[in-house]
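Inspection log for the structure reproduced underneath, given as C-alpha cells.
There are 2 protein chains.
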Amino acid sequence: MDREEMKSVENTENSATTDVAYEVPSVALAMSILKLLSRYKTQSCTLTEISKRTHASKTTCLRVLRTLARGDFIRYDKVSRCYSLGAYLIPLGNRASQMVSGVSEVMLELPRLAEKVGETVMLLERLPEDAVIVLAKAAPSSEVARADVSIGQLFAGLGGAFGRCFLAYDAPSAWRKHWMKMTATGDRVAKMWSSQETFYEALETTRRVGAAVSHGEMAAGFSSVAVPLFASDGSVALVLAVLLLTSQYQEERGKAMIRILQQTAERWRGLF
Amino acid sequence: MDREEMKSVENTENSATTDVAYEVPSVALAMSILKLLSRYKTQSCTLTEISKRTHASKTTCLRVLRTLARGDFIRYDKVSRCYSLGAYLIPLGNRASQMVSGVSEVMLELPRLAEKVGETVMLLERLPEDAVIVLAKAAPSSEVARADVSIGQLFAGLGGAFGRCFLAYDAPSAWRKHWMKMTATGDRVAKMWSSQETFYEALETTRRVGAAVSHGEMAAGFSSVAVPLFASDGSVALVLAVLLLTSQYQEERGKAMIRILQQTAERWRGLF
Numbered sequence: 002m003d004r005e006e007m008k009s010v011e012n013t014e015n016s017a018t019t020d021v022a023y024e025v026p027s028v029a030l031a032m033s034i035l036k037l038l039s040r041y042k043t044q045s046c047t048l049t050e051i052s053k054r055t056h057a058s059k060t061t062c063l064r065v066l067r068t069l070a071r072g073d074f075i076r077y078d079k080v081s082r083c084y085s086l087g088a089y090l091i092p093l094g095n096r097a098s099q100m101v102s103g104v105s106e107v108m109l110e111l112p113r114l115a116e117k118v119g120e121t122v123m124l125l126e127r128l129p130e131d132a133v134i135v136l137a138k139a140a141p142s143s144e145v146a147r148a149d150v151s152i153g154q155l156f157a158g159l160g161g162a163f164g165r166c167f168l169a170y171d172a173p174s175a176w177r178k179h180w181m182k183m184t185a186t187g188d189r190v191a192k193m194w195s196s197q198e199t200f201y202e203a204l205e206t207t208r209r210v211g212a213a214v215s216h217g218e219m220a221a222g223f224s225s226v227a228v229p230l231f232a233s234d235g236s237v238a239l240v241l242a243v244l245l246l247t248s249q250y251q252e253e254r255g256k257a258m259i260r261i262l263q264q265t266a267e268r269w270r271g272l273f
Numbered sequence: 002m003d004r005e006e007m008k009s010v011e012n013t014e015n016s017a018t019t020d021v022a023y024e025v026p027s028v029a030l031a032m033s034i035l036k037l038l039s040r041y042k043t044q045s046c047t048l049t050e051i052s053k054r055t056h057a058s059k060t061t062c063l064r065v066l067r068t069l070a071r072g073d074f075i076r077y078d079k080v081s082r083c084y085s086l087g088a089y090l091i092p093l094g095n096r097a098s099q100m101v102s103g104v105s106e107v108m109l110e111l112p113r114l115a116e117k118v119g120e121t122v123m124l125l126e127r128l129p130e131d132a133v134i135v136l137a138k139a140a141p142s143s144e145v146a147r148a149d150v151s152i153g154q155l156f157a158g159l160g161g162a163f164g165r166c167f168l169a170y171d172a173p174s175a176w177r178k179h180w181m182k183m184t185a186t187g188d189r190v191a192k193m194w195s196s197q198e199t200f201y202e203a204l205e206t207t208r209r210v211g212a213a214v215s216h217g218e219m220a221a222g223f224s225s226v227a228v229p230l231f232a233s234d235g236s237v238a239l240v241l242a243v244l245l246l247t248s249q250y251q252e253e254r255g256k257a258m259i260r261i262l263q264q265t266a267e268r269w270r271g272l273f
C-alpha cells in the first residue's frame, strides 16, 4: 500500500461507519444468516429457506454457509439438511459480554436490581433499522408468575417505554421520520397514539423526565418502565427497563421503580 | 437457478463441508477478526494491527470491519481508533447456548456437577486445526482457592486429558499425523511423552477406559481428568473435564472423579 492509498484508508476510517457503499456483501449476508438462525422460528433452516429469506442465491448462500461452518459459527446436520447456530458463538458471546465496556459490570448487578424492583429487569441495546434487542435480563427469585423475556429477543420499531428512551434523544427530524414510517406501515405503536402531537409530547416528556412508562404498546397485557443509560459523551448507550404485567402496575409502584432505575443509571453513568 | 445448477448445489452440499475451495475469503476474514478481538491480549486493535495479524490488506480489512460494525458485531472507538467486540454477539452467543443441541441442558447441570466433584468442571469443544475451546465452566461454591479457566479459553494442540479424549477416537492415521506435528514443532505435549509408543498407548488406554488423566501437560502445576461425551452416532461431540491443581490430585480422588464424570456422560449420551 503506497502513501496515497494509505491516506485514503485513514480518511475513510474517520468518516461515518454506516456508509453502505463500504459494505462487503458476503459478510453482510453472513450476519443476516446468523441473525436468521438466532430466531426461534428459524433456528433450523435448509439451504432453500436461507436463500429465500436472505434474498441471496443458493450458490452464494452455500459458500457463505460452508465458510461459517468451518469456523463452527454454524452447524450443518446431514440428516435433516438443516443449518443452525454453532457452538463457537457461545464463548464468543461470553467474551463480548466481558469486553464490551460496562456491560459485564451492569450484568453482574442486574440480579440484585431485579430483587429490589421485584420484577424482571432488562438491559436493552438499539440496533440499526430501529430495532431493540435484549442484551441481558434478570428475574427476582420469588416464586410468583411474572412477565419474562429471553435474551436476544428483538423488538421491531422503537415502541414501548424502552424504545421511547432511545428515540427521545434523537433529533426531532428522526421523530418525524419515525412517525411517518409507523403510520405508513400501520404499526401497533402508531395506533396507541391518537395523533402525531401526543406522540411528540410523550417523547418530550421522556426526554425531560429521563424515564418512560408504557402499557400494552409492544404486546397486550405487558407494561414497561424504562430509563436511558448515558455514555460519557451524553448519548444514550443502553436502556434499563422493568417488564411487568399491566394488571400488576400501579402508578405509585411505577414511580418507585423509576426512582430505583434512575439511581442505578446515575451510578452507572459514563460506564459505557 | 435451473435444474442442473440446482443439482450441483445439492451435490456440493452433501460433500465435506471442510473444503477450503468453497470458502468466501471475506467471511473467513470476518471470523478471523472476531477471533482475534476475542482474545484478551488483542481485544482492542487498530486497523493496522488487524491488517498485520490477519495478513489481509488494510483496504480489505476496513471494508469487513465496517460491515461488522454496522451489525454491531464489532465496535469502533473514534478516540482510540480501536476496534473491539460488539454487543450484538452477547445475545447471539446466548441464543447459541440455548439452541446448540444439548449444550443448554448440560450447562444447567454444570454447577451441580462442580459441587459434587469439588473442583472446576469444564465443557470443551474441538475446533478445526487441533484446538480445544472452553464452551462453559462451573466452579464449586467453596471459598478455597482453586484452578480456574475462562469461557472462550483456547488450548492449542490436542494435549492434556481433554485433548486426548478427542484424539483417541480419531483414526490411527490422525494419531501419527498429530505426533509428527507435535515433535516437529517441539510442542510441550510431545516432550511429556518419552516416545511415540507411549503416546499411542496413552491414546489406546483413553479409548479403552473412556477417560484420561493428565498432569502438567497443558500448563505446569495443573492436572485434568476428562471423559468424552458421545453423540447419538457414537462420535465424540464434546469433552467433560475437571481442572485441578496437581498438588491436590490423589489417585483415589482421580478415580472417584472419573466415576462421577462417566455417570454424568452416560446420562447425557445422545443429547448432542
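For the record, the sequence lines run as chains A and B.
For the first sequence, position 101 matches number 102 in the working numbering, and the numbering has no gaps at all.
For the second sequence, position 215 matches number 216 in the working numbering, and the numbering has no gaps at all.
Ideal Cβ placement from N, Cα and C applies to all residues, glycine included.
All figures in this text were calculated on a predicted structure; none of them were measured in a lab.
Residues sharing a beta bridge with residue i, DSSP
| i | result |
| --- | --- |
| Lys275 of chain B | There is no way to answer for residue 275 of chain B, as the model of chain B reaches only from 2 to 273. |
| Cys166 of chain B | Beta-bridge pairing links Cys166 of chain B to no other residue. |
| Asp234 of chain A | Paired residues: none, contrary to the question. |
| Val243 of chain B | B:Val122, B:Val226 |
| Leu272 of chain B | Its beta-bridge partners do not exist; DSSP assigns none. |
| His179 of chain B | His179 of chain B is not bridged to any residue. |
| Arg76 of chain A | A:Ser85 |
| Phe200 of chain B | Looking at the DSSP assignment, Phe200 of chain B forms no beta bridge with any residue, so it has no partner. |
| Leu155 of chain B | B:Ile134 |
| Val214 of chain A | A:Val226 |
| Cys46 of chain A | A:Tyr84 |
| Leu128 of chain B | B:Ala132 |
Cβ-Cβ separation, residue j to residue i (assumed contact under 8 Å), whole Å
| i | j | result |
| --- | --- | --- |
| Lys117 of chain A | Ile259 of chain A | Incorrect: roughly 13 Å between the Cβ atoms, too far for contact. |
| Ala97 of chain A | Gly94 of chain B | 7 Å |
| Thr55 of chain A | Ile34 of chain A | 6 Å |
| Cys166 of chain A | Val228 of chain A | 6 Å |
| Ala257 of chain B | Leu230 of chain B | Not confirmed; about 19 Å, so no contact. |
| Met280 of chain A | Gly255 of chain A | Look at the range of chain A in this structure, 2 to 273, and you will see that residue 280 of chain A is not part of it. |
| Ser39 of chain A | Leu86 of chain A | 6 Å |
| Gln263 of chain B | Ala212 of chain B | 6 Å |
| Thr186 of chain A | Gly217 of chain A | Between Gly217 of chain A and Thr186 of chain A the Cβ distance is about 19 Å, and since that is not below 8 Å, they are no contact. |
Proximity below 8 Å, CB of residue i to CB of residue j
| i | j | result |
| --- | --- | --- |
| Glu126 of chain A | Ala232 of chain B | no |
| Leu128 of chain B | Val122 of chain B | no |
| Leu272 of chain A | Val107 of chain A | yes |
| Leu245 of chain B | Ser215 of chain B | no |
| Arg67 of chain A | Glu24 of chain B | yes |
| Leu69 of chain A | Ala31 of chain A | yes |
| Pro112 of chain A | Ala139 of chain A | yes |
| Ser27 of chain A | Val210 of chain B | no |
| Phe163 of chain A | Ala221 of chain A | no |
| Tyr170 of chain A | Val237 of chain A | yes |
| Pro92 of chain B | Ile152 of chain A | yes |
| Met183 of chain A | Val190 of chain A | yes |
| Ser58 of chain A | Cys83 of chain A | no |
| Leu239 of chain A | Leu124 of chain A | yes |
Proximal residues, the stretch 175 to 189 of chain B versus chain A, C-beta separation under 9 Å: none
Contact between the stretch 125 to 141 of chain A and the stretch 150 to 158 of chain A (3+ Cβ pairs under 8 Å): yes
Residues of the stretch 89 to 101 of chain B with Cβ closer than 9 Å to any Cβ of chain A, in chain order: Tyr89, Leu90, Ile91, Pro92, Leu93, Gly94, Asn95, Arg96, Ala97, Ser98, Gln99, Met100, Val101
Validate contact between the stretch 140 to 149 of chain A and the stretch 173 to 180 of chain A using beta carbons, cut 8 Å, 3 pairs: no
Members of the stretch 40 to 59 of chain B that neighbour chain A once the beta carbon cut-off is set at 7 Å: Gln44, Leu48, Ser58, Lys59
Near-chain B residues of the stretch 152 to 175 of chain A - C-beta to any C-beta below 9 Å: Ile152, Gly153, Gln154, Leu155
Under 7 Å (Cβ pairs) to chain B, residues found in the stretch 60 to 72 of chain A: Thr60, Leu63, Arg64, Val65, Arg67, Thr68, Leu69, Ala70, Arg71, Gly72
Residues in the stretch 125 to 136 of chain B having any Cβ partner in chain A nearer than 8 Å: Glu126, Leu128, Pro129, Ile134, Val135, Leu136
Against chain B: residues of the stretch 104 to 123 of chain A by CB proximity under 8 Å: Val104
Interface positions of the stretch 227 to 246 of chain B facing chain A (Cβ-Cβ less than 7 Å), listed along the chain: none
Chain-ordered residues of the stretch 71 to 85 of chain B with a beta carbon less than 8 Å from chain A: Arg71, Gly72, Asp73, Phe74, Arg76, Tyr77, Lys79, Arg82, Ser85
Residues of the stretch 215 to 226 of chain A with Cβ closer than 7 Å to any Cβ of chain B, in chain order: none
Residues within the stretch 24 to 38 of chain B neighbouring chain A, beta-carbon criterion of under 9 Å: Glu24, Val25, Pro26, Ser27, Val28, Ala29, Leu30, Ala31, Met32, Ser33, Leu35, Lys36, Leu38
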